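Q: Chains as they are written, first to last, in the numbering used here: chain A, 1 to 301; chain B, 1 to 301.
Protein chains: 2
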Amino acid sequence: MPNLDRIERALHAALQAIDGPGRPPRLAGAMQHAVFPSGARIRPQLVLAVAHACGEDDPALTDAAAVAIELLHCASLVHDDLPCFDDAATRRGRPSVQKAWGERLAVLAGDALIVAAYEALGRAAGRHVSRLPGLLATVSRGVGMPLGIVAGQAWECEPQVTLRDYQQAKTGALFAAATMAGAQSAGSTPEPWRGLGERLGQAYQVADDIRDVVGDAQALGKPVHRDIELDRPSMTRELGLDGALAEFRRLMDETEAAVPDCPGAAGFRALIRHEARRLVPTGLEDIRPRTPEAAWRVQAA
Amino acid sequence: MPNLDRIERALHAALQAIDGPGRPPRLAGAMQHAVFPSGARIRPQLVLAVAHACGEDDPALTDAAAVAIELLHCASLVHDDLPCFDDAATRRGRPSVQKAWGERLAVLAGDALIVAAYEALGRAAGRHVSRLPGLLATVSRGVGMPLGIVAGQAWECEPQVTLRDYQQAKTGALFAAATMAGAQSAGSTPEPWRGLGERLGQAYQVADDIRDVVGDAQALGKPVHRDIELDRPSMTRELGLDGALAEFRRLMDETEAAVPDCPGAAGFRALIRHEARRLVPTGLEDIRPRTPEAAWRVQAA
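1. Secondary structure at T90(A), three-state DSSP: helix, strand or coil?
2. Taking all protein chains shown into account, decide if R127(A) is buried (16 or more other Cβ within 10 angstroms of its Cβ) or exposed.
3. For G55(B), which residues from the same chain have a beta carbon less than 7 Å from its beta carbon, with the 5 sequence-adjacent residues on both sides left out?
4. Give the single residue among G152(B), T138(B), W101(B) and R123(B) whose Cα lies nearest to the Cα of E119(A).
5. How long is the line joining the alpha carbons of M145(B) and L4(B), rounded to whole angstroms?
6. Which of the three DSSP states, helix, strand or coil, is assigned to P95(B)?
7. Alpha carbons only, please: which of L251(B), L196(B), V280(B) and G172(B) is nearest the one belonging to A49(B)?
8. Find the nearest neighbour of A257(B) within the set Q205(B), I210(B) and L200(B), judged by alpha-carbon distance.
9. Tell me the DSSP secondary structure of S140(B) in three-state form.
10. Can you pull the chain A residues whose beta carbon is under 7 Å from the beta carbon of Q153(B), in chain order?
11. Do G121(B) and I149(B) have their C-beta atoms within less than 8 Å of each other?
12. Report yes if the C-beta distance between L27(B) and A246(A) is below 8 Å; otherwise report no.
13. Quick check: the Cα distance between L72(A) and L132(B), rounded to an integer number of angstroms?
14. Distance check for L239(B) and D253(B), CA to CA, integer angstroms please.
15. Indicate the three-state DSSP secondary structure (helix, strand or coil) for F268(B) in the structure shown.
16. Taking the continuous alpha helix (DSSP H) assigned at M180(A), which residues delimit it?
17. Just to make sure I have the definition right: I need the residues of chain B whose C-beta is within less than 9 Å of the C-beta of R104(A). Which are they?
18. Pairs of beta-carbons, one from the region 204–215 of chain B and one from the region 79–91 of chain B, closer than 8 Å: are there three or more?
19. Taking 8 Å as the cut-off, decide whether the C-beta atoms of I42(A) and A75(A) are in contact.
20. Run down chain A in chain order and give the residues with a C-beta less than 7 Å from the C-beta of G20(B).
21. Work out the CA separation of E158(B) and G20(A) for me, nearest whole Å.
22. The alpha helix (DSSP H) with A244(A) in it runs from where to where?
23. Below 8 Å on the Cβ atoms is my contact criterion, and I expect A176(A) with R194(A) to pass it. Report the Cβ-Cβ distance as a whole number of Å.
24. Residues of the region 110–124 of chain A with a CB closer than 8 Å to any CB of chain B: list them in chain order, please.
25. Could you tell me the distance, in whole angstroms, from the CA atom of A306(A) to the CA atom of A34(A)?
26. Give me the chain B residues within the contact set of S130(A), using Cβ-Cβ distance strictly less than 7 Å, ordered along the chain.
27. Quick one: grab the DSSP three-state call for R131(B).
28. Please classify T189(B) as buried or exposed, where buried requires at least 16 other C-beta atoms within 10 Å of its C-beta.
29. Helix, strand or coil for I390(B)? Go by DSSP, reduced to three states.
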């Protein structure tokens, strides 16, 4: 996977660029822990794939867009795992940042990763500085108010929420930002890529809900059944497992159909199909939930 | 104070720009609470004052620089007040964000304010986009790793820290960013303004330490004696009250002497003298600490 190597190199370089004498070593450690070793890196892969499909002409800027999106994703995971939210002890198959480094460094590592994301964009914009305002707007809309992933997380603090709005903000927004930033980093118009990113993000979230119910913690790298334990809205709770699987397939079909006409369209569609198989393996329909509570919730939905 | 009106208008506009249908209303409320009503707004006033001294030519970009610095400052206060850090119940004379809106919304409001700061910069860069990368670098260095205010807060999680390094990062870094960003927003070279900002930030931090010992909570708008309760490094603990007062006067003199040669130098020096009087009123030397513990710590230092 040459793209994965490229992403890891760019992420290492981004953290290296903000290392230096006088930094607090434990915060540096917590930030490294939050970013490495690799998660699936689906969002930065999306950035690279869209930039490639659009005729990438500034690899440093595309790398920076991919880095920014991934660092913001890592920051959101670190803060989602805090005791006041999920209180997650594990993430990506090992201790979460808050478990390994403590709550205070988890708060600060998330903050510093948000800053590092923007710093990476600014540092790489030398050749095409005119693309920078659009990239800042895209990334900020994907993360902040009113509809970004931070807003999505905040819906957990509201008395009422529509499941689709919640999941669109919590996941879809950063996927849309990834596809749009990929296009912008290559000098293309971002809007045609928004819908594709949103649908893919929705599909990814449904897949996550499904794996929360049927998955095992080892394969997922994080605890399962958390949606039910935390009384969080979830597609499997709303539609049942079979309904959620059908919704996932529908969204992936729509994503594939939404690829704009461009030189790299065929390769891009292949990536989407690969992701569909990876996220929800064929045959998952035969796996039933393992705990009576989960089964009840799913059957009753 | 026309500058204060201008800053309040710009801050309102920045939060208005990211308001919109579909936003989680409680997060929007927590963000408003974090930014309004006004604190001293010393950092954005610095941005405006330096830009003016440098021959400001793009008020929208200067406003955005001031907004970015102040939103990042507000974000840092919200996160510093979290239960895992200061666990502060009050701030600016009323309930802290974590007290009024809960810990989860305090985490998210801080995150969203960081994003909003960068978004404001990107939105305003249309006329002088070539100034944007430098502004992003300045702001990011003032906040993030290795020496920004988040790094400064992280020194509270290290077993050992030099007081000066801690205070330089915790406060001086964002003051330096304020002066440098003011210059950059006006198209000027930022470096001549760095030392001034750093010294002013150090002076401000020493003043804060002094007021933590001798002040009363009502005048400060936040609890006093927190440095001692939280066993935090502090200039009054290191030098004693009289030593800290002497250090404050020395730093303010150095700040005044560091004003670069520019058309607005005289007005700028007047602002610094005004701040010196506001931060540590003359006659404070006669006020002794109120609690036996604080008195002991100060005398023993």
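Note that CB positions come from ideal geometry on N, CA and C, so glycine has one too.
Computed from a prediction, not measured in an experiment: that's the story for all the values here.
A: Taking the coordinates as given:
1. In this structure, T90(A) counts as strand in the three-state DSSP scheme.
2. The residue is exposed, with fewer than 16 neighbouring Cβ atoms inside 10 Å.
3. Only A186 and P263 meet the Cβ criterion.
4. The residue from G152(B), T138(B), W101(B) and R123(B) with its alpha-carbon nearest to that of E119(A) is T138(B).
5. C-alpha separation (whole angstroms): 30 Å.
6. P95(B): strand per DSSP, three-state reduction.
7. Out of L251(B), L196(B), V280(B) and G172(B), L196(B) has the C-alpha closest to the C-alpha of A49(B).
8. Selected option, being the one with the closest Cα: L200(B).
9. The DSSP-derived three-state label of S140(B) is helix.
10. Correct list: L108.
11. Reading off the sequence shown, one finds Leu at residue 121(B), where the question assumed Gly. At the C-beta level, L121(B) and I149(B) stay beyond 8 Å of one another.
12. No.
13. Their Cα atoms are separated by approximately 20 Å.
14. Rounded to the nearest angstrom, the two C-alpha atoms are 19 Å apart.
15. F268(B): helix per DSSP, three-state reduction.
16. Element bounds for M180(A): A173 to S185.
17. Ordered by position in chain B, the residues that pass the 9 Å Cβ test against R104(A) are L82, C84, F85, Q153, A154, E156 and C157.
18. Using a Cβ-Cβ distance cut-off of 8 Å, the region 204–215 of chain B and the region 79–91 of chain B are not in contact, since fewer than three pairs of beta carbons, one from each stretch, lie closer than that value.
19. No, Cβ-Cβ distance for I42(A) and A75(A) is not below 8 Å.
20. Under the 7 Å cutoff, chain A gives P146.
21. About 17 Å.
22. A244(A) -> alpha helix (DSSP H) spans M235 to A257.
23. 5 Å between Cβ atoms; contact.
24. Cβ contacts with chain B come from G110, D111, A112, I114, V115, A116, Y118, E119, L121, G122 and R123.
25. No information on residue 306(A) is available, as it lies outside the stretch 1 to 301 that chain A covers here.
26. Within chain B, V129 have C-beta atoms less than 7 Å from the C-beta of S130(A), given in sequence order.
27. Assigned with DSSP and collapsed to three states, R131(B) falls in helix.
28. Exposed: under 16 other Cβ atoms inside 10 Å.
29. An answer regarding residue 390(B) cannot be provided, because it is not within the stretch 1 to 301 covered by chain B.
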